[in-house]
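Right, one structure below, let's go through it.
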Amino acid sequence: MREKFYSLLFIGWAFISPSAYSQKIVQKECPKVILFFGLECPICLKYVPELNLIYQEYSSRVEFEVVIPEKSEAKSIREFISEYNVTFPITKNKHRLTRSLNPGVTPEVFLLDSKGKLVYQGAIDNWFYELGKYRSEPTEFYLRNALDSTLTGTVPRIEKTEAIGCVISTNLKHSH
Numbered sequence: 002m003r004e005k006f007y008s009l010l011f012i013g014w015a016f017i018s019p020s021a022y023s024q025k026i027v028q029k030e031c032p033k034v035i036l037f038f039g040l041e042c043p044i045c046l047k048y049v050p051e052l053n054l055i056y057q058e059y060s061s062r063v064e065f066e067v068v069i070p071e072k073s074e075a076k077s078i079r080e081f082i083s084e085y086n087v088t089f090p091i092t093k094n095k096h097r098l099t100r101s102l103n104p105g106v107t108p109e110v111f112l113l114d115s116k117g118k119l120v121y122q123g124a125i126d127n128w129f130y131e132l133g134k135y136r137s138e139p140t141e142f143y144l145r146n147a148l149d150s151t152l153t154g155t156v157p158r159i160e161k162t163e164a165i166g167c168v169i170s171t172n173l174k175h176s177h
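And the structure:
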């Protein structure tokens, strides 16, 4: 456990796991996933295994940025990464990004194509269909489908869905 704490790189306000750093994309133009994620949001916690899989599958071709919009201490982020075996990169204090994309909940995902155009916004999949209510397994894989389309140069069939999750405080969206 202690190894994981010391294996994180601290870059400004960003915390990047070694696997994320070693797989950093060298391409100048590639799609980018920006996911707003809450450390204390039960829905986000349930998604960690799926997000690890998505990151593992796509990180060589897609840049990932997982943003924690709420105030979080470095220690709590390190503990979260260790406790939940997180393999995707997590950053915090991206208030400008939070204000410009204006997510409503965590988790909420934004997919930008290689030119920076928003091509998908919303839920990771349809596992959760209402607060506190979810299917035994998802039947629609919105983010994966949008990634596959974007990587083949086509527009995702579904460009926007409603994200179900924990509300992001408006104080965080409008703070400097």
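All residue numbers for the sequence shown refer to the working numbering, where the first residue is 2 and numbers rise by one. For every residue, glycine included, the Cβ atom is placed at its ideal position computed from N, Cα and C.
Here DSSP, grouped into helix, strand and coil, assigns L40 to coil. As a beta-bridge residue in DSSP terms, C167 pairs with T107. Selection F129, L144, I82 evaluated against G166 yields F129 as nearest (Cα-Cα).
The three-state reading of DSSP puts Y121 in strand, counting E and B together.
Closest in C-alpha terms to Y59, from the list T162, L152, I159, comes L152.
Nearest to R62 by alpha-carbon distance, out of T155, E160, S170, L148, is L148. In the DSSP assignment, E71 forms no beta bridge with any residue. Secondary structure of F81 (DSSP, three-state): helix.
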